[in-house]
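> Let me give you the structure first, and then I'll get to my questions.
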Amino acid sequence: MPYGEALALQERCVSERRAGAPDRLLLLEHPHVITSGSGGDPAHVLVGESELQARGIERYETGRGGDITYHGPGQLVGYPILDLKPDRRDLHAYLRALESVLIHALLTWGIEGVRQPPHTGVWVGDAKVAALGIRVSSGWITSHGFALNVSTDLSYFETIVPCGIADRRVTSLSELLGREIEIGDAEGAVGEAFRSEFGHGRVDRLDGLP
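As structure tokens, this is what we get:
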């Protein structure tokens, strides 16, 4: 799904959740795009607009937290649309819960993902396999979320300083396992881990939407 459409979809889902719709997790895959969060440093985009256009990479400013990141084919992007009830109104705890979802999902393939404070995200060794960037709107409704590199072409990360961390690299499930991993398998693992962590909510694969 094009990133601009995903932004509009999230806004609609946030409004629906505020009006009483159930919690849900949107799972999508985007065409090539670089996004900047509220802490984004323009210097962390390492190539000019002409090269971005030549490589078919769009660019968006967003309302999420965090720095610069890349989304593209072979990457599973998750947007939880949740009402953070009073007992979950702790943004740091929410980020740790999302990391737990991804850490548990990685165990499907026998991969031990870890946290590396003070950085967010999930790591395998010194390589980042999943990035986080969230937004919480009025009423404590969440949007944006996480991106898990499944079979991502990692060369696209060379156009940026991923999440503003210059001394670390990124990796993917396919690179770690030495074989191609289907995005659908990752969807199933992440969806199951999400339900286990949050105990409820729809999980929707939405790339088929117009």
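Here my numbering = 1-based position in the sequence shown + 3. Note that CB positions come from ideal geometry on N, CA and C, so glycine has one too. These figures come from a predicted structure and were not determined experimentally.
(1) Is it buried or exposed for K131, if we count other Cβ within 10 angstroms and need 16 for buried?
(2) CA-CA distance, E178 and A22?
(3) Apply the 10 Å Cβ neighbour rule to A57 and answer buried if 16 or more other Cβ atoms are within range, or exposed otherwise.
(4) Have a look at the DSSP bridge pairing and note the partners of E64.
(5) For S103 versus E200, is the C-beta spacing smaller than 8 angstroms?
(6) So if DSSP puts W143 in a beta bridge, which residue, or which two residues, is it bridged to?
(7) To the nearest angstrom, report how far apart L157 and V80 are at their CA atoms.
(8) Tell me which same chain residues have a C-beta within less than 8 angstroms of the C-beta of I163, skipping the five on either side of it?
(9) Checking 8 angstroms against the spacing of the C-beta atoms, do L142 and W126 come in under that value?
Here's the rundown:
(1) By 1-based counting over the sequence shown, the position of residue 131 is 128. Under this definition K131 is a buried residue.
(2) Within the sequence shown, residue 178 is the residue found at index 175, counting from 1. Within the sequence shown, residue 22 is the residue found at index 19, counting from 1. Rounded to the nearest angstrom, the two C-alpha atoms are 42 angstroms apart.
(3) Residue numbering aside, residue 57 sits at position 54 when the sequence shown is read from its first letter. By the 10 Å Cβ count, A57 comes out exposed.
(4) As a first step, residue 64 is located in the sequence shown; it is residue number 61 there, counting from the start. In the DSSP output, where bridge partners are listed per residue, E64 has S39.
(5) Along the sequence shown, read from residue 1 onward, the residue named residue 103 stands at position 100. Along the sequence shown, read from residue 1 onward, the residue named residue 200 stands at position 197. Against a cut-off of 8 angstroms, the Cβ pair of E200 and S103 comes out as a contact.
(6) Walking along the sequence shown from the start, residue 143 turns up at place 140. None; W143 has no bridge partner.
(7) The residue you call residue 157 lines up with position 154 of the sequence shown. The residue you call residue 80 lines up with position 77 of the sequence shown. L157 and V80: Cα-Cα distance of roughly 15 angstroms.
(8) If you number the sequence shown from 1, residue 163 lands on position 160. The beta carbon of I163 is closer than 8 angstroms to those of I37, H47, V48, L49, I71, T72, Y73 in its chain, skipping five residues each way along the sequence.
(9) By one-based count along the sequence shown, residue 142 stands at place 139. By one-based count along the sequence shown, residue 126 stands at place 123. Note that residue 142 is Gly in the sequence shown here, rather than Leu. Cβ atoms of G142 and W126: not closer than 8 angstroms.
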